[in-house]
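In order, the protein sequences belong to chains A and B. In this text, residue positions in the first sequence follow our numbering: the first is 191, and each later residue adds one. In this text, residue positions in the second sequence follow our numbering: the first is 191, and each later residue adds one. From the three backbone atoms N, C-alpha and C, an ideal C-beta is built for every residue, glycine too.
2 protein chains.
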Amino acid sequence: MKNRSQQIAETLTRAILSHRLVPGAKLGERELAEIFKVSRIVVRQALIRIADDGLVSIEPNRGAFVARPSLQEALEIYDTLTLLEQGVAQQLADRLGASGWAELRQHVERQRQAVDDENHGLADMLGQEFHTLFIRLSRNRVVQEIHAQLVRRATLIRSLFSSQFDYCHLLDEHSKVIDLLEKGRVRQAQKLIDTHHHNVVRGYIMEGSIYEEYPTHVALAPYLDGRGDNISEFSATDQGTLAGVQSLAKH
Amino acid sequence: MKNRSQQIAETLTRAILSHRLVPGAKLGERELAEIFKVSRIVVRQALIRIADDGLVSIEPNRGAFVARPSLQEALEIYDTLTLLEQGVAQQLADRLGASGWAELRQHVERQRQAVDDENHGLADMLGQEFHTLFIRLSRNRVVQEIHAQLVRRATLIRSLFSSQFDYCHLLDEHSKVIDLLEKGRVRQAQKLIDTHHHNVVRGYIMEGSIYEEYPTHVALAPYLDGRGDNISEFSATDQGTLAGVQSLAKH
DNA sequence: CCTTGCAAAATTGGATACCAATCTTAATTA
DNA sequence: TAATTAAGATTGGTATCCAATTTTGCAAGG
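What follows is the structure, given as structure tokens:
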């Protein structure tokens, strides 16, 4: 078991990434300290950690808030993801072995299965995970960490926008990228990665946020007792759970 | 004026990047608290910040140490720098205006001047800065921040290895990259960026560290009074300054 | 009714003192 | 000499307190 402040940082990160804490929400030290039953200092340390990660912005003498990335920043983040994945694409085309390609195809197949089953939540998760797997195959931990951080920030951005887009289309693009790369057609694959991310962004920009804003203690309640590891990060509107804790969390 | 812990984090970062605090050096909370005349908590917050940056590693219940990247990690960092710069190279070739190319050439010219004047310190600094300028022209702050962090980690790595290499050769490579990109020969430019970084790494790997290890309070002494902004980050063996403060810093 | 000004309350940033758990060191013993 | 144990230091964390800043609530005035 790690530092208390690391645990809290991870919990807050999960809460933010599952859209339970929406951008702009105030993260008061005293409030969080009471919620986690910990001293303010530990909370501050946790906030510093996630602020460095870009999920929280700390404004001097005003406190910490869930970050609300500008459209400019959102575009830059997706541009950077594109850049990283294009670079890794080149590397994979140069030196990925047969088992690697197999792993990628297997992953796409799993997602296709989820789409067929109309399991939107799982399909969405696997769709994100594809990119992570793709990067992992570069066998470069530094790139992995940077990419993971960008994915977190991108997930935060999704709190701000609607997320209705054509899974099948994106799925086909994943599949196409693998085909192109394995055949050594790096240039085309990179171009496709670019348009792929543009498609994702276009899917977001359409409309405003769809996530309702909970009070902080309500948003965090499901994570509190027993570590809360089993909470789905991909279905935030779990009204049953929320109603259950609302009375407890009142004060 | 910012947070005290941010100031301290920046000071420590400068001390590490200027090789005054060498990899492996213990950064005790109590010791630093006394040196900066601040409470341990502020020091801990500062350490958390630079740990997230990769310059310091915090080992639970053992304390913080200046990070000592493995050879593997060092190679990964340079690979990642290569990847980023190759990606930005493509972008610049696509959309950089005339003034941008001029800025790059002007920078190279300044470094060439420094080399001619045998001003090794300045030439070294400008050599590093070229890459930063290159990235900045992408106009993507996210990429800029990631790149800046990688440059910091690369600078830390230089604490571990000798840094004798052929400035003129690297300088010519910078110049060549500009030429290739402006002519749209992106592929060749990217290849050159790759070999360029390999050349840098090869320069390092040759021999072991050349930086001597100071006691922490001696290493930090020059930064303490009056913000210490005017300290050269590129000539660590400033024995005069060191001798001057050694008596003061004794207790 | 809306805005402005100001005092009160709340919040952050930090200091200090204290404690438990863990790690390091040193001494002691086999 | 090697292993064990005891003492000392260091980290991680709590509680309490304080100054500075920010936010809020309210009253006065247009």
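> What residues from the region 327-340 of chain A come within 8 Å of chain B, judged by C-beta to C-beta, listed N to C?
Replying inline: N330, R331, V332, V333, I336, L340
> For A:A279 versus A:V376, is the C-beta spacing smaller than 8 Å?
Replying inline: For the purposes of this step, residue 279 of chain A is identified with residue 89 of the first sequence, where counting begins at 1. For the purposes of this step, residue 376 of chain A is identified with residue 186 of the first sequence, where counting begins at 1. For A:A279 and A:V376, yes; Cβs fall inside 8 Å.
> Span of the beta strand (DSSP E) holding A:V256?
Replying inline: By one-based count along the first sequence, residue 256 of chain A stands at place 66. From DSSP, the beta strand (DSSP E) with A:V256 extends over 253-256.
> Which residues of chain B have a Cβ atom closer than 8 Å to the Cβ of A:I145, listed in chain order?
Replying inline: As shown, chain A starts at 191 and ends at 441. That puts residue 145 of chain A outside it, with no answer to give.
> Between the Cα of A:F213 and the Cα atoms of A:A254, A:Q296, A:E224, which residue gives the shortest distance?
Replying inline: Taking the first sequence and counting its residues from 1, the one referred to as residue 213 of chain A is at position 23. According to the sequence displayed, residue 213 of chain A carries Pro and not Phe. The residue with the shortest Cα to Cα distance from A:P213 is A:A254.
>> Is there a C-beta anywhere in chain B that falls below 8 Å from the one on A:E263?
In response: Position 73 of the first sequence, counting from 1, holds the residue named residue 263 of chain A. Answer yes: the Cβ-Cβ gap between A:E263 and chain B drops below 8 Å somewhere.
> In chain A, which residues lie with their C-beta within 8 Å of the C-beta of B:T270?
Replying inline: Counting from one through the second sequence, the residue named residue 270 of chain B turns up at place 80. Going along chain A in sequence order, the residues near B:T270 (Cβ under 8 Å) are N330, V332, V333, I336.
> Does B:D384 have its Cβ less than 8 Å from a Cβ in chain A?
Replying inline: Counting from one through the second sequence, the residue named residue 384 of chain B turns up at place 194. B:D384 does not count as touching chain A.
>> Quick check on B:G146 - is its C-beta less than 8 Å from some C-beta in chain A?
In response: The displayed coordinates of chain B run from 191 to 441. Any statement about residue 146 of chain B would go beyond what the structure contains.
> For A:L261, which residues from the same chain have a beta carbon less than 7 Å from its beta carbon, with the 5 sequence-adjacent residues on both sides left out?
Replying inline: For this step, residue 261 of chain A is matched to residue 71 along the first sequence. For A:L261, where only same-chain residues beyond five positions count, there are no Cβ hits under 7 Å.
> How many angstroms separate the CA atom of B:I383 from the CA atom of B:E275?
Replying inline: Position 193 of the second sequence holds residue 383 of chain B. Position 85 of the second sequence holds residue 275 of chain B. Spanning the two alpha carbons is a distance of roughly 7 Å.
> Closest to A:T272 by CA distance: which of A:T385, A:P250, A:Y413 is it?
Replying inline: By 1-based counting over the first sequence, the position of residue 272 of chain A is 82. The shortest Cα separation from A:T272 among A:T385, A:P250, A:Y413 belongs to A:T385.
> For A:P213 and chain B, any beta-carbon pair shorter than 8 Å?
Replying inline: Mapped onto the first sequence, residue 213 of chain A falls at position 23. It does not; no Cβ of chain B falls within 8 Å.
> Closer than 8 Å, CB to CB, is A:P197 near chain B or not?
Replying inline: Working through the first sequence from its first residue, we reach residue 197 of chain A at position 7. Before going further, note that residue 197 of chain A is Gln rather than Pro in the sequence given. No, no contact with chain B.
>> Any C-beta of chain B within less than 8 Å: which residues of the region 366-382 of chain A qualify?
In response: none
> Whose C-beta lies closer than 7 Å to the C-beta of A:R171 among residues of the same chain, with five residues either side of it excluded?
Replying inline: Outside the shown range of chain A (191 to 441) lies residue 171 of chain A, about which nothing can therefore be said.
> Can you name the residues of chain B whose CB is closer than 7 Å to the CB of A:Q301?
Replying inline: Locating residue 301 of chain A in the first sequence gives position 111, where the first residue counts as 1. Simply none; closest approach about 26 Å.
>> I want to verify the contact list: residues of chain A whose CB lies under 7 Å from the CB of B:D284, in sequence order.
In response: The residue given as residue 284 of chain B occupies position 94 in the second sequence. Here the premise fails: no neighbours, minimum Cβ distance about 11 Å.
> Going by DSSP, which residues form a beta bridge with A:I248?
Replying inline: To locate residue 248 of chain A, count along the first sequence from 1; it is residue 58. In the DSSP output, where bridge partners are listed per residue, A:I248 has A:A254.
>> Would you say A:I325 lies against chain B (beta-carbon separation less than 8 Å)?
In response: Position 135 of the first sequence holds residue 325 of chain A. No, no contact with chain B.
>> When you compare the CB of B:I206 with every CB in chain A, is at least one pair closer than 8 Å?
In response: For the purposes of this step, residue 206 of chain B is taken as residue 16 along the second sequence, with counting starting at 1. No, B:I206 lies away from the interface with chain A (no Cβ there is under 8 Å from its Cβ).
> Thinking C-alpha only, which one of B:L327, B:R348, B:K366, B:L294 is nearest B:I206?
Replying inline: On the second sequence, position 16 is the one that residue 206 of chain B refers to. Selected option, being the one with the closest Cα: B:R348.
> Considering only C-alpha positions, which residue in the set B:Q296, B:V333, B:I368 is nearest to A:Q339?
Replying inline: Within the first sequence, numbered from 1, the residue matching residue 339 of chain A stands at position 149. That would be B:V333, whose Cα lies nearest to the Cα of A:Q339.
> Which value, in whole angstroms, describes the spacing of the CA atoms of B:I225 and B:Y413?
Replying inline: On the second sequence, residue 225 of chain B is found 35 positions in, with the first residue counted as 1. On the second sequence, residue 413 of chain B is found 223 positions in, with the first residue counted as 1. Approximately 11 Å between the Cα atoms of the pair.
> Cα separation between B:E200 and B:H321?
Replying inline: For the purposes of this step, residue 200 of chain B is taken as the residue at position 10 of the second sequence. For the purposes of this step, residue 321 of chain B is taken as the residue at position 131 of the second sequence. Distance between the alpha carbons of B:E200 and B:H321: 21 Å.
>> Distance check for A:K373 and A:L286, CA to CA, integer angstroms please.
In response: Indexing the first sequence from 1 puts residue 286 of chain A at position 96. Indexing the first sequence from 1 puts residue 373 of chain A at position 183. Distance between the alpha carbons of A:L286 and A:K373 is about 12 Å.
>> Less than 7 Å between C-beta atoms, sequence neighbours within five positions excluded: which residues of the same chain meet that for A:A236?
In response: One-based indexing of the first sequence puts residue 236 of chain A at position 46. Correct list, in chain order: S195, I198, A199, L202.
> Are there 16 or more other CB atoms within 10 angstroms of the CB of A:P259, so buried, or fewer, so exposed?
Replying inline: Within the first sequence, residue 259 of chain A is the residue found at index 69, counting from 1. Buried.
> Does the beta carbon of A:I238 come closer than 8 Å to any beta carbon on chain B?
Replying inline: Working through the first sequence from its first residue, we reach residue 238 of chain A at position 48. Closer than 8 Å: yes.
>> Contact between the region 313-320 of chain A and the region 242-256 of chain A is defined here as three or more beta-carbon pairs at a separation below 8 Å; is this criterion met?
In response: no
> Hey, which unbroken runs of the beta strand (DSSP E) at 3 residues or more fall wholly within the region 252-295 of chain A?
Replying inline: 253-256
> B:V256 and B:L222: beta carbons closer than 8 Å?
Replying inline: Counted from its first residue, the second sequence places residue 256 of chain B at position 66. Counted from its first residue, the second sequence places residue 222 of chain B at position 32. Contact: no.
>> Residues of chain B with CB closer than 9 Å to the CB of A:L202, please, in chain order.
In response: The count along the first sequence starts at 1 and reaches residue 202 of chain A at position 12. Under the 9 Å cutoff, chain B gives no residues; its nearest Cβ is about 15 Å from A:L202.
> Residues of chain A with CB under 7 Å from B:D242, in chain order?
Replying inline: On the second sequence, position 52 is the one that residue 242 of chain B refers to. Ordered by position in chain A, the residues that pass the 7 Å Cβ test against B:D242 are R239, D242.
> Taking only beta-carbon atoms, is A:L273 less than 8 Å away from chain B?
Replying inline: For this step, residue 273 of chain A is matched to residue 83 along the first sequence. Yes, because at least one Cβ of chain B sits closer than 8 Å to the Cβ of A:L273.
>> Which residues in chain B have a C-beta closer than 7 Å to the C-beta of A:I231? List them in chain order.
In response: As a working mapping, residue 231 of chain A is identified with position 41 in the first sequence. Here the neighbours are I231.
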